[in-house]
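So for the sequence shown, the numbering used here puts the first residue at 13; every next one is plus one.
Before any comments, here is the structure.
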Amino acid sequence: MVFIYCDMRKGMSRKSKYNWSQSREERKDTKLSASGKELVVESLKLPKDSLLGASIVTVTGNTDAFVENYKGIIEYTSQIILLQGKTCKIEICGRRLTIVYYTNEDMKINGWIESVRYLL
């Protein structure tokens, strides 16, 4: 452990500890917290969907829905489609709901869509 003396005029303590044993790669690999990532994305005005993994639900009229950035299908009936998003669950309710197609990242839902809910 190495002690570095700091200037008191900058509001710092008399001695500051720094762990010199941690390699540069280890310091680079530390992950930002969720709020830290969000702060960086907002300050740089980057798209949240691709960087934070936010799910995107696009509803056209009341008959078609397109879902992007989801992880999996939890429940699938003709009245409810429950999806696991990357940050929350997405519930689509309606009548005669069908999944037209799905891939690992997006899907298209057809039917009479009555509601879309995000469940935490």
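Think of the CB as a built atom: it goes at the ideal place given N, C-alpha and C, for glycine as much as any other residue.
Note that the structure is a prediction, hence the values are computed from the model and not measured.
CA-to-CA distance, residue j to residue i, given in whole angstroms
i: S67; j: L95; result: 10 angstroms
i: F78; j: S47; result: 28 angstroms
i: S90; j: S55; result: 42 angstroms
i: I93; j: I111; result: 9 angstroms
i: Y130; j: K57; result: 24 angstroms
i: D118; j: T70; result: 11 angstroms
i: G106; j: S127; result: 7 angstroms
i: I121; j: G73; result: 12 angstroms
Integer Cβ distance of residue i from residue j, believed to fall under 8 angstroms
i: L132; j: C100; result: 5 angstroms
i: I104; j: I86; result: Contact flag wrong, Cβ pair sits at about 11 angstroms.
Sub-7 angstroms separation of residue i and residue j beta-carbons
i: N81; j: K98; result: yes
Residue i classed as buried or exposed, judged by whether at least 16 other C-beta atoms fall within 10 angstroms
i: G84; result: exposed
In DSSP terms, what residue i is bridged to
i: E117; result: Per DSSP, none; premise fails for E117.
i: R107; result: W124
i: Q96; result: G84 and K101
Short CB-CB distance (under 7 angstroms) between residue i and chain B
i: K101; result: Given the protein chain composition of this structure (a single chain), no chain B is represented.
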